[in-house]
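*Asks:* The following block contains the structure, expressed as structure tokens.
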Amino acid sequence: KHAENFCSKLTVNCPAADLKCPWSGPNDQLQQHISICAIEQMRLMVADIIKNNHQLKEQVQKMSEQCYKDNSSYTKELQET
Numbered sequence: 004k005h006a007e008n009f010c011s012k013l014t015v016n017c018p019a020a021d022l023k024c025p026w027s028g029p030n031d032q033l034q035q036h037i038s039i040c041a042i043e044q045m046r047l048m049v050a051d052i053i054k055n056n057h058q059l060k061e062q063v064q065k066m067s068e069q070c071y072k073d074n075s076s077y078t079k080e081l082q083e084t
């Protein structure tokens, strides 16, 4: 923590590295980068998209499971007739 706060030439990553921003550079240039980093500026929007994507994946999984269950029941009925 000390190095990040006080060592101006320490190489640091952009806070948006978790969103695939490739920038890394001297600590004393980080604030300048953040001010122009499009990825960091879109963080809230990207986080919302990721959340929605996760919810949609869960819905698809539940629907797939229900389709499989319904199909199995229908197949069993057909075999019994």
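For the sequence shown, the numbering used here gives the first residue as 4, with consecutive numbering after it. Here a beta-carbon is modelled for each residue, glycine too, at the ideal position from N, C-alpha and C.
According to DSSP, is Thr78 part of a helix, a strand, or is it coil?
*Replies:* helix
*Asks:* Does DSSP classify Ser67 as helix, strand or coil?
*Replies:* helix
*Asks:* Counting pairs of beta carbons, one from the segment 16-28 and one from the segment 40-52, are three or more of them closer than 8 Å?
*Replies:* Contact between the segment 16-28 and the segment 40-52 is present, with at least three C-beta pairs closer than 8 Å.
*Asks:* Tell me whether Ser27 sits in a helix, a strand or coil according to DSSP, three-state version.
*Replies:* strand
*Asks:* At a threshold of 7 Å, does Ile39 count as lining the ligand ADP (C-beta to nearest heavy atom)?
*Replies:* What this structure holds is no ligand at all, so the ligand ADP is not there to describe.
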